[in-house]
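Novice:
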Amino acid sequence: MIAVRIEGLRKSFGRVKALDDLSLAVEAGSVFGFLGPNGAGKTTAIRILTGLARAHGGQAWLNGIDVTARGGRRAASQIGYLPQDPAFYPWMTAGEMLDHVGRVFGLPGGERRSRTAALLKLSGLEEAARRRIGGFSGGMKQRLGIAQALVNRPAILLLDEPVSSLDPFGRKELLDLIDGLRGQCTVFMSSHILADVERVCDTVGIIDRGRLVVQSPKKDLLEQFAAPVFEAAADRGQEEALKAWVDGLKAGPPPWLDSVVLADELTARFLVNSLEAAKRQLPELLLSSSFVLSRYEMVRPSLEDVFLKLVKQRRAGS
Amino acid sequence: MNFGAALRKELLEQLRSYRMLITAVVLTLFGLLSPIIARYTPDIIRLALPQGEEITKLIPPPSAADSVAQYLKNITQFGVLLALLMAMGLVAQEKDKGTAALMLSKPLGRSAFLLAKFCSLALTFTLSIVLAGAAGYYYTLVLFGPMDPGGWLGLNGLVLVFLLVYVSLTLLCSTLTKSQVLAGGLATGVWMILSLVGALPGIGDYSPRQVIGWAAALGTGGSPAQWPALAFSLALIVGGLAGACVLFNRQEL
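Just so you know, the protein sequences line up as chains L and E, in that order.
Counting from 126, one number per residue, gives the positions in the first sequence under my numbering.
Counting from 7, one number per residue, gives the positions in the second sequence under my numbering.
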């Protein structure tokens with residue numbers, strides 16, 4: 126069964142096409158990663174799904190309800206939504222906020238109280254339940270955001286960049302929580318943090334400039350599109366030399382090199398289109414560089430590599 | 007959809023932010039002070055000015071009508087100011103901060119969201135005017151003698167209608183923009199226009215200002231009713247709310 130279906134969705138802001146004939150379908154019960162660079166149209170698509178924005182063309186369905194048509198607001202009772210920067214009433218406490226959301230969903234008093242207590246525990250906000258939200262940190266607000274999105278036990282959970290403002294602990298906790306929702310509800314999660322999507326999502330859709338580049342189960346995507354990847358690491362203290370060398374390589378790449386990126390300050394990743402040419406010539410390039418090489422190997426491609434390759438291909442094609 | 011939940015939140019917010027308390031205290035204070043000011047103004051002039059004795063001979067002795075006039079002047083001036091200040095950020099601020107987007111992605115209708123805000127302010131002003139009216143009536147009774155209670159009730163009812171015109175129109179201005187300062191500026195502009203229109207012959211008969219003229223007459227037991235002005239004021243309240251709902255339902259959040 127399809128939980129989220131989008132067909133030919135279009136939306137423009139002046140001359141800028143935020144969504145340009147976007148189409149995709151998400152199976153019920155899956156954790157779908159909606160990937161794209163900043164400004165790709167992820168948030169716009171989610172805002173249309175929630176009824177906060179209107180499409181200029183195309184249609185979208187949540188559990189069979191056309192959210193772009195009259196009566197689309199019926200879908201609101203079936204979804205949970207976490208915006209990119211969730212905002213709350215600062216004078217409310219966390220408990221009051223969840224209770225208020227429960228009232229909006231029409232939950233009876235007993236269920237509201239038990240749901241509030243359960244979600245405060247789940248989000249790790251039990252001790253802060255009576256504190257005013259105005260004094261919460263960004264991470265606490267994000268956790269309250271996920272809690273309020275779960276009040277109605279949604280069939281579809283729409284998460285817009287859910288972990289972007291969390292520290293590593295908070296990020297791990299939230300990703301574990303999302304992982305635990307697999308099979309219970311459909312999770313539609315936008316992100317530009319590819320490692321998080323790779324960790325938790327089973328299906329991935331990549332969007333660029335408002336169009337879907339590819340949609341596929343994550344495993345298939347990695348197998349189908351992953352090109353050979355090499356990784357080279359520099360010694361500590363060689364950060365600037367490595368960066369300068371990578372910048373030079375980007376300015377004049379050899380024909381066998383698709384792209385080179387810095388995975389971190391001391392590690393460069395090379396996406397290549399000819400394995401043989403790369404095996405012959407990359408070591409020579411590395412040895413002639415100005416930085417001190419500490420490691421060089423061929424590695425398993427990541428979702429980030431696939432993402433970069435596909436987005437680059439699409440942009441080159443258009 | 008879920009008007010009750012939205013109204014509960016609005017009332018709770020007014021209590022927590024002390025807006026309800028401030029409105030009630032300010033208007034009740036003017037209800038108390040107006041008869042006192044009317045009664046003792048000649049004495050104050052006599053004592054404070056060098057030729058006060060001579061000036062007070064020119065002023066007729068204070069009466070219940072002066073108390074009513076003072077009450078109406080104070081309650082309407084400060085009431086309109088409070089209506090503008092309290093309503094200007096109600097929608098604009100929620101749109102700007104993102105709380106409107108969060109709540110309206112849930113099964114909460116946009117019209118219910120707006121009407122809850124209007125009703126909460128209407129309740130606050132009703133409560134405040136009840137308190138101010140009771141205080142004003144008691145002090146007028148003590149200082150000037152009895153007044154017609156029915157007339158006094160009618161007077162305060164008309165004052166409430168007059169203030170709700172500004173609550174409704176300010177809410178409409180707040181719906182138009184994301185900036186509460188701009189919303190306040192627009193509402194002040196509307197206030198000035200309505201005040202100017204009230205001074206024009208003919209068309210001025212329909213101005214909400216005429217409702218206050220009728221209220222003054224009710225308080226002093228004279229002058230005919232101003233039904234066109236009351237009808238136009240009620241139409242402004244309903245029209246302002248309907249306009250805000252139509253606009254808000256078309257907006258993207």
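Glycine residues also receive a C-beta, built at the ideal position from the N, C-alpha and C atoms.
#1: So that I know if they touch, is there some Cβ in chain L lying closer than 8 Å to that of residue 47 (chain E)?
#2: How many angstroms separate the CA atom of residue 257 (chain E) from the CA atom of residue 108 (chain E)?
#3: What residues from the segment 219–250 of chain L come within 7 Å of chain E, judged by C-beta to C-beta, listed N to C?
#4: Terminal residues of the continuous beta strand (DSSP E) containing residue 138 (chain L)?
#5: List the residues that DSSP assigns as beta-bridge partners of residue 43 (chain E).
#6: Would you tell me roughly how many angstroms separate the C-alpha atoms of residue 11 (chain E) and residue 127 (chain E), rounded to the nearest one?
#7: In angstroms with no decimal places, state the Cα-to-Cα distance between residue 400 (chain L) and residue 406 (chain L).
#8: Applying the 10 Å Cβ sphere with the 16-neighbour rule, what's the burial state of residue 198 (chain E)?
#9: Using the Cα positions of residue 262 (chain L) and residue 250 (chain L), report the straight-line distance between them to the nearest angstrom.
#10: What is the residue span of the alpha helix (DSSP H) that residue 182 (chain L) lies within?
#11: Residues of chain E with CB closer than 7 Å to the CB of residue 176 (chain L), please, in chain order.
#12: So what does DSSP say about residue 218 (chain L), is it helix, strand or coil?
#13: Tell me, which residues are paired with residue 328 (chain L) by DSSP?
#14: Residue range of the beta strand (DSSP E) that residue 304 (chain L) falls in?
#15: May I have the straight-line CA-CA distance separating residue 370 (chain L) from residue 380 (chain L), to the nearest angstrom?
#16: Does residue 136 (chain E) come out as helix, strand or coil in the three-state DSSP assignment?
#17: Just the Cα atoms here: how many angstroms apart are residue 359 (chain L) and residue 392 (chain L)?
#18: In terms of residue numbering, what span does the alpha helix (DSSP H) encompassing residue 72 (chain E) cover?
#19: Relative to the alpha-carbon of residue 136 (chain L), which residue among L:147, L:130, L:299 and L:127 has its alpha-carbon at the smallest distance?
#20: Keeping to the same chain, check which residues put their C-beta closer than 6 Å to that of residue 157 (chain L); ignore five residues upstream and five downstream.
#21: Using 10 angstroms around the beta-carbon of residue 67 (chain E), count the other beta-carbons present and answer buried if the total reaches 16, otherwise exposed.
#22: Residue 175 (chain L) lies in the beta strand (DSSP E); which residues open and close that run?
#23: For residue 48 (chain E), which residues in the same chain have their Cβ closer than 8 Å to its Cβ, ignoring the five residues on either side in sequence?
#24: Out of E:195, E:33, E:221 and E:131, state which residue places its alpha-carbon closest to the alpha-carbon of residue 80 (chain E).
#25: Return helix, strand or coil for residue 146 (chain E), following the three-state DSSP convention.
#26: Answer with yes or no whether the minimum CB distance from residue 186 (chain L) to chain A is below 8 Å.
#27: Since I believe residue 175 (chain L) is in contact with residue 283 (chain L) (beta carbons under 8 Å), could you give me their beta-carbon distance rounded to a whole number of angstroms?
#28: Distance cutoff 8 Å, beta carbons only. Does residue 212 (chain L) sit that close to anything in chain E?
#29: Are the beta-carbon atoms belonging to residue 226 (chain L) and residue 112 (chain E) less than 8 Å from one another?
#30: Residues in the same chain with beta-carbon distance under 7 Å from residue 154 (chain E), minus the five sequence neighbours each way, listed in chain order, please.
#31: How many angstroms separate the CA atom of residue 297 (chain L) from the CA atom of residue 306 (chain L)?
#32: Tell me whether the beta-carbon of residue 248 (chain L) lies closer than 8 Å to the beta-carbon of residue 232 (chain L).
#33: Within 10 Å of its beta-carbon, does residue 77 (chain E) have 16 or more other beta-carbons around it, so buried, or fewer, so exposed?
#34: Would you call the CB atoms of residue 167 (chain E) and residue 240 (chain E) closer than 8 Å?
#35: Give every residue of the same chain whose Cβ lies closer than 8 Å to the Cβ of residue 376 (chain L), excluding the five residues on either side of it in the sequence, and list them in chain order.
#36: Counting only C-beta atoms, is residue 427 (chain L) closer than 8 Å to chain E at any point?
Specialist: From the atom records:
#1: The sequence position of residue 47 (chain E) within the second sequence is 41, counting from 1. Not one chain L Cβ lies under 8 Å of residue 47 (chain E).
#2: Here the question's residue 257 (chain E) lines up with position 251 in the second sequence. Here the question's residue 108 (chain E) lines up with position 102 in the second sequence. Between residue 257 (chain E) and residue 108 (chain E), the C-alpha separation is close to 15 Å.
#3: 225, 226, 228, 229, 230 and 231
#4: For this step, residue 138 (chain L) is matched to residue 13 along the first sequence. Element bounds for residue 138 (chain L): 127–138.
#5: On the second sequence, position 37 is the one that residue 43 (chain E) refers to. Per DSSP, none; premise fails for residue 43 (chain E).
#6: Here the question's residue 11 (chain E) lines up with position 5 in the second sequence. Here the question's residue 127 (chain E) lines up with position 121 in the second sequence. Distance between the alpha carbons of residue 11 (chain E) and residue 127 (chain E): 16 Å.
#7: Locating residue 400 (chain L) in the first sequence gives position 275, counting from the first residue. Locating residue 406 (chain L) in the first sequence gives position 281, counting from the first residue. About 10 Å.
#8: Taking the second sequence and counting its residues from 1, one reaches residue 198 (chain E) at position 192. When all chains shown are included, residue 198 (chain E) counts as exposed.
#9: The residue you call residue 262 (chain L) lines up with position 137 of the first sequence. The residue you call residue 250 (chain L) lines up with position 125 of the first sequence. Taking the straight line from one Cα to the other gives about 12 Å.
#10: Within the first sequence, the letter at position 57 stands for residue 182 (chain L). Per DSSP, residue 182 (chain L) belongs to no alpha helix (DSSP H); it is in the beta strand (DSSP E), 182–187.
#11: As a working mapping, residue 176 (chain L) is identified with position 51 in the first sequence. 111, listed in chain order.
#12: Walking along the first sequence from the start, residue 218 (chain L) turns up at place 93. Correct three-state label for residue 218 (chain L): strand.
#13: Locating residue 328 (chain L) in the first sequence gives position 203, counting from the first residue. Answer is L:157 and L:342, bridged to residue 328 (chain L).
#14: Position 179 of the first sequence, counted from the start, is the residue given in the question as residue 304 (chain L). Unbroken run through residue 304 (chain L) is the alpha helix (DSSP H), 293–305; no beta strand (DSSP E).
#15: The count along the first sequence starts at 1 and reaches residue 370 (chain L) at position 245. The count along the first sequence starts at 1 and reaches residue 380 (chain L) at position 255. Cα to Cα, the separation comes out at about 17 Å.
#16: Taking the second sequence and counting its residues from 1, one reaches residue 136 (chain E) at position 130. Correct three-state label for residue 136 (chain E): helix.
#17: Within the first sequence, the letter at position 234 stands for residue 359 (chain L). Within the first sequence, the letter at position 267 stands for residue 392 (chain L). Those two C-alpha atoms are separated by around 6 Å.
#18: Locating residue 72 (chain E) in the second sequence gives position 66, where the first residue counts as 1. Segment 70–93, the alpha helix (DSSP H) holding residue 72 (chain E).
#19: Here residue 136 (chain L) is taken as the residue at index 11 of the first sequence, counted from 1. Considering only alpha carbons, the answer is L:147.
#20: Counting from one through the first sequence, the residue named residue 157 (chain L) turns up at place 32. The residues are 151, 313 and 328.
#21: Within the second sequence, residue 67 (chain E) is the residue found at index 61, counting from 1. It is exposed - the Cβ of residue 67 (chain E) has fewer than 16 other Cβ atoms within 10 Å.
#22: Numbered from 1 along the first sequence, position 50 holds the residue referred to as residue 175 (chain L). From DSSP, residue 175 (chain L) is part of no beta strand (DSSP E) but of the alpha helix (DSSP H) over 167–175.
#23: As a working note, residue 48 (chain E) is residue 42 in the second sequence. These residues qualify, in order along the chain: 62, 65, 67 and 68.
#24: Taking the first residue of the second sequence as position 1, residue 80 (chain E) is located at position 74. Checking every option, the nearest Cα to that of residue 80 (chain E) belongs to E:33.
#25: Along the second sequence, one-based indexing puts residue 146 (chain E) at 140. Residue 146 (chain E) falls in the helix class under three-state DSSP.
#26: This model lacks chain A altogether; the protein chains it does include are L and E.
#27: Sequence index remark: in the first sequence, residue 283 (chain L) carries index 158 (1-based). Sequence index remark: in the first sequence, residue 175 (chain L) carries index 50 (1-based). That pair is a contact at about 6 Å.
#28: The count along the first sequence starts at 1 and reaches residue 212 (chain L) at position 87. Chain E contact via Cβ: present.
#29: Within the first sequence, numbered from 1, the residue matching residue 226 (chain L) stands at position 101. Within the second sequence, numbered from 1, the residue matching residue 112 (chain E) stands at position 106. Yes, Cβ-Cβ distance for residue 226 (chain L) and residue 112 (chain E) is below 8 Å.
#30: The residue labelled residue 154 (chain E) in the question sits at position 148 within the second sequence. Correct list, in chain order: 227.
#31: To locate residue 297 (chain L), count along the first sequence from 1; it is residue 172. To locate residue 306 (chain L), count along the first sequence from 1; it is residue 181. Taking the straight line joining both Cα atoms gives about 14 Å.
#32: In the first sequence, counting from the first residue as 1, residue 248 (chain L) sits at position 123. In the first sequence, counting from the first residue as 1, residue 232 (chain L) sits at position 107. Against a cut-off of 8 Å, the Cβ pair of residue 232 (chain L) and residue 248 (chain L) comes out as no contact.
#33: The residue you call residue 77 (chain E) lines up with position 71 of the second sequence. The residue is buried, with at least 16 neighbouring Cβ atoms inside 10 Å.
#34: Indexing the second sequence from 1 puts residue 167 (chain E) at position 161. Indexing the second sequence from 1 puts residue 240 (chain E) at position 234. Yes; because the gap between Cβ atoms is below 8 Å, this pair is in contact.
#35: In the first sequence, residue 376 (chain L) corresponds to position 251, counting from 1. Result list for residue 376 (chain L): empty, nothing under 8 Å.
#36: Counted from its first residue, the first sequence places residue 427 (chain L) at position 302. Not one chain E Cβ lies under 8 Å of residue 427 (chain L).
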